[in-house]
Amino acid sequence: MAERKNFSRYNMRCGILLRAEEGNRRITGLSIPELDSRYLALTGNDIPNGIFSFLSGSMPIIAKENISCPGQIVLALFAPDYESASLMMRNVKLETEEAEEAEITLPDSLEYRWGETQEEEEEEEKENSNRKISSSFTLEHIWRYTRRVYTVTAWMEGANMHIEAPCEWVELVRTTVEKATGYPKRNIIIHVMPYTARHDEFLIEPAIIAAIAAIAAIRTGLPTEIRSTGIYSRPEIKVERTTEVDEDGKPLYENVQMTVNQGAFLFASEEYQRQAMTGLLPPYTLKAFRGSVKVISSPEYPAAFCGSLGYSEALASTEFHVSRLSEKTGITPALYRLTIEKEKRKFTDYIPGYDLGETKKCIEKAANAASYDRKWAANSFQREEFGLLGYLRGIGIASGVGIAGFSTTLSKKLGFSLMMTFTQKHNITVNTSALNHPGTIKIWKERIAEKIIPGRPEGVMFLEAGPDTIDTGPDVLSRLVASLTPQLESAAKRLSVLKDTEKLPVSIKFDAENTYYPCEFENSGSGAVVCEIIIEKGSMIPQARSVWGSFSFPTIMDEVSLRNSIRRTIMMTIVENGIQLPSDFAIHLDISATGTEGTVASVQQIARGLTLGALMNALSQAIGEKAVLPISADRINGMFSKEELS
Amino acid sequence: MKIDCTIDGKTLTLSLNSDKPLSLILRENMGNEETVNHCNGMMCGLCTVLVDGKAVLSCMVPAFEIRGKSVITFDSFRRSRDMKDIEKAYEAVGAYPCSDCYASRSLIFHSLVDEGVTDRNQIIKELSIVRCHCLDAESQVKIVQKAIEIRRKRYVRRTQLT
């Protein structure tokens, strides 16, 4: 990788961005004061090919005539320093008026079904003793600026355009800069800055900002830098589910509709639908199932991956519904889960049939550690005794399996390639763009060495990023750790054979094709989470008291990292949903390895999904069925005052 | 105005606006963008540095305040023996801050260890300036206590050797 050029700050341009405050507006006037040669203003009209595209979605790099969502970039202003840029930005006047809603082509809703429902099956009149149980699960839209400020720098050096940015997908930045500037891809050199992307905030924005910085660098002939804060946006999700159960409470037929509001621009909608459908499939057996995932649009900041891409939220909705079923049946949710889940799960197009024994073990462990049944029963009884406000305590459980990264359909599209070479010096070089996590690379080196050069992990070298680096896809959803690990191992196995038969050096290019699954996703890892919350009686502030988690994975590469990763995901999910963490908050984790051969799950996805599900269940026990996430003290007060009025 | 100070062991004379926040001085003048954030006083806690050995939020420190003082950022602190103690404490407790707040938390841990703070409430209060929720309170208290223990052992060993 080329070293960063050490240029003086006196010889560069610093850029700040003007972002829209409201969505669905038409720009009627954008007055920019007269600027001397030290300044540069870039509007939508200054970028001829100003469209950013990403996984079937696209948006303008800078808004031209219409502003689709709050947070959209309207203007980039460059000055010798940030202070001058900020002062000059004060003189920029943006006038807008309400616009007609832009027409957006929505993808078809994804439908999946098996079996015939009761109505279809029995047209003839027949006495029906079954009961219908419905639930409604809502996760409201969250849109926030992150606290971390990051900078994107662009500079030219001979025929090359250098970009320095924190980015989750190098190839996306390169493609966006290529389209916007016309620079050939080979001459665009990306220097990846270290980053922490909890909600995949460094996936889309840095690519857009890099394109703006690159254009400014070309126009001014000087290095340019843009300072910005990350944005993350969680889509609004509504899941309506109805299950028909027999007299014993056994589910027979189920109908579920999920509506996802992805915001103004629909990125990766089809992948979202596939992931969400996987989460919607219940773990219990049914005679018939009908599911649909519909994507809608609204003038909100686009929600792309946001750490889960739908699986976690859908899994949480399924777990929420299971607890509603158990309540109607009169059994504690933990026991109900153990009762209705058979030994093996049904094979579907989205997730294979697998043994539910591990999940059941996790449920038992987490429920026992938390004294779940006792607390759940106590809270339920007390709730009825406490009149209008209720007992304001809740305990919830959720259980499920993890899935590994992206779907087979998307893997076919993106390839996720890498190249492995056995050199003449009997070392191994790996050419991949997945170089962002030193801890993971250490584990990969050990695993590759085990297959070809046992006991010599230092002989495995990951080539530094450069123009010839092979694109291994986006670094989101732990896809690179989850599915790339078996991919690397398969490549190493094949190379260990080839090194003895072929002339050295010998290389193989490996892509996701070699590890396609029969279903869209491969299950991996089971878990159960119990969450206990309390609502402070005086302030109505919701607080999490404790979380108990039990997880089981096929293999554990690094237990300390895994434990930390799960803990972080649990705490982030709780805080993200408006629930406070008091100083005596504790997480009790039990992690075990089954020792079986299997893929590595996206730990964050399973932990996030189960925490969301357990939180929602706990909240609904504390404040009733109207529970929504995110929650706040004002909201709870509002709920009770409305109840009082009615 | 001209300000004489020591940043990461280098004695410097900086010519800058007297009210420029220290976080911006470190980011813009010293090129330290990775470990020092600048959130414009939004209290993210990710801009923590040591000023004369005490952990402070650099976005709240104007330039004139650092005149004649010694500023240590995580960039130089990470190579010190004191950081090794903190790292050992992380390892012993089995809890690490996330990469986002690793620098800030490590500096606050060091500051607490240096002062020998063992009171649970005070530790939690001091660490609450970092608004990242990657570590629970219990783990943070354990890390400080463990680090104090490790540092004491180190000092005792050094005294015995001399």
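Protein chains in written order, with our numbering: chain A, 702 to 1347; chain B, 5 to 166. Using N, Cα and C, we set each Cβ at its ideal position, and we do this for glycine too.
Could you give the DSSP three-state label for Pro1155 of chain A: helix, strand or coil? Pro1155 of chain A: coil per DSSP, three-state reduction.
Are the C-beta of Arg739 of chain A and some C-beta of chain B separated by less than 9 Å? Not an interface residue.
Which residue spans inside the region 106–130 of chain B form an unbroken alpha helix (DSSP H) run of at least 4? 106–119, all fully within the region 106–130 of chain B.
Kindly say whether Ile1288 of chain A, judged by its beta-carbon, lies nearer than 9 Å to any beta-carbon of chain B. So, interface residue.
What first and last residue would you give for the alpha helix (DSSP H) that runs through Cys1063 of chain A? Unbroken alpha helix (DSSP H) run through Cys1063 of chain A: 1058–1071.
What does a CB cutoff of less than 6 Å around Ser1018 of chain A pick up in its chain, not counting 5 residues either side in sequence? For Ser1018 of chain A, same chain residues with a beta-carbon under 6 Å away, outside a window of 5 residues either side, are Phe838, Val940 in chain order.
Chain B within 9 Å of Ile783 of chain A, Cβ atoms only: Reading off the sequence shown, one finds Tyr at residue 783 of chain A, where the question assumed Ile. At least one chain B Cβ lies under 9 Å of Tyr783 of chain A.
Hey, Leu981 of chain A and Val994 of chain A: beta-carbon distance below 9 Å or not? The answer is yes: Cβ separation under 9 Å.
My guess is that Phe113 of chain B and Ile90 of chain B are in contact by the Cβ rule of under 8 Å, so how many angstroms apart are they, rounded? The pair is a contact, with the Cβ atoms about 5 Å apart (cut-off 8 Å).
For the putative contact between Ser62 of chain B and Pro25 of chain B, defined by C-beta atoms under 8 Å, what is the C-beta separation to the nearest angstrom? Separation of the CB atoms of Ser62 of chain B and Pro25 of chain B is rounded to 7 Å, and the pair is thereby assigned contact status at 8 Å.
List the whole-angstrom C-beta distance separating Gly931 of chain A from Glu906 of chain A, where the pair is believed to meet the contact cut-off of C-beta under 8 Å. Indeed, because the Cβ distance is near 6 Å, the residues count as touching under 8 Å.
Residues bridged to Gln1244 of chain A [DSSP beta-bridge criterion]: Bridge partners of Gln1244 of chain A: A:Ile1235, A:Gln1281.
Going by beta-carbon coordinates alone, are Ala786 of chain A and Ala917 of chain A separated by less than 9 Å? No, Cβ-Cβ distance for Ala786 of chain A and Ala917 of chain A is not below 9 Å.
So which residues of chain B does Asp904 of chain A contact, with C-beta pairs closer than 8 Å? This sequence places Leu at residue 904 of chain A; Asp is not what is there. Within 8 Å Cβ-Cβ: nothing; Leu904 of chain A doesn't reach chain B, min ~16 Å.
Same chain, Cβ closer than 8 Å to Met712 of chain A, neighbours up to 5 away in sequence not counted: It should be pointed out that residue 712 of chain A corresponds to Asn in this sequence rather than to Met. Excluding residues within five positions, the ones whose Cβ falls inside 8 Å are Leu923, Pro924.
Using Cβ-Cβ distances below 7 Å, what residues of the region 15–44 of chain B are close to chain A? Those residues of the region 15–44 of chain B that come within reach of chain A (Cβ to Cβ, closer than 7 Å) are Glu32, Glu37, Glu38, Asn41, His42, Cys43.
Under 9 Å between the Cβ atoms of Arg928 of chain A and Thr852 of chain A? Cβ distance < 9 Å, so Arg928 of chain A and Thr852 of chain A count as in contact.
Distance, Thr1133 of chain A Cα to Thr1170 of chain A Cα: In this structure, the alpha-carbon of Thr1170 of chain A lies about 6 Å from that of Thr1133 of chain A.
Using the three-state DSSP reduction, which class does Glu825 of chain A fall into: helix, strand or coil? For Glu825 of chain A, the pLDDT reaches just 49, beneath the cut-off of 50, and the residue's location in the model is therefore unreliable, although a value from the coordinates is still provided. Glu825 of chain A falls in the coil class under three-state DSSP.
Where does Met702 of chain A sit, in a helix, a strand or coil, going by DSSP? Confidence at Met702 of chain A is low in this model, with a pLDDT of 45, below 50, so its placement is unreliable and no value can be given for it.
For Ala1328 of chain A, which residues of its own chain have a beta-carbon under 8 Å away from its beta-carbon, when the five flanking residues on both sides are left out? Once the five neighbours on either side are set aside, the close Cβ partners of Ala1328 of chain A are Met1317, Leu1320, Ser1321.
Pairwise C-alpha distance: Arg935 of chain A and Thr58 of chain B: Before going further, note that residue 58 of chain B is Lys rather than Thr in the sequence given. For Lys58 of chain B and Arg935 of chain A, the gap between their C-alpha atoms comes out near 38 Å.
Can you tell me whether DSSP reads Ile938 of chain A as helix, strand or coil? Ile938 of chain A: strand per DSSP, three-state reduction.
In this structure, what does DSSP give as the bridge partners for His1289 of chain A? Answer is A:Trp1249, bridged to His1289 of chain A.
Name the chain A residues that come within less than 7 Å of Gly98 of chain B, Cβ to Cβ? Annotation: Cβ neighbours of Gly98 of chain B in chain A (cutoff 7 Å, chain order): Val1261, Arg1264.
Could you pull out every residue in the same chain whose Cβ sits closer than 6 Å to the Cβ of Thr877 of chain A, ignoring the five residues on either side in sequence? Setting aside the 5 residues that flank it on each side, Thr877 of chain A is surrounded in the same chain by Phe753, Ala908, Ala912, each with a C-beta closer than 6 Å to its C-beta; the list follows chain order.
Return yes when the Cβ of Cys1007 of chain A is within less than 9 Å of the Cβ of His900 of chain A, no when it is not. Cβ atoms of His900 of chain A and Cys1007 of chain A: closer than 9 Å.
Leaving out the 5 sequence neighbours to the left and right, which residues in its chain are closer than 7 Å to Met34 of chain B when beta-carbon positions are compared? The residues are Ile11.
Can you name the start and end residues of the beta strand (DSSP E) that Ile133 of chain B belongs to? Run containing Ile133 of chain B: none; DSSP gives neither H nor E here.
For Leu50 of chain B, which residues in chain A fall below 8 Å Cβ to Cβ? Arg848, Arg849, listed in chain order.
Local conformation of Lys833 of chain A per DSSP, three classes: Of the three classes helix, strand and coil, the one that applies to Lys833 of chain A here is strand, per DSSP.
Using beta carbons (cut-off 9 Å, strictly below), is Met978 of chain A in contact with chain B? No, no contact with chain B.
Exposed or buried, Val775 of chain A, counting other C-beta atoms within 10 Å across all chains shown (16 or more means buried)? Under this definition Val775 of chain A is a buried residue.
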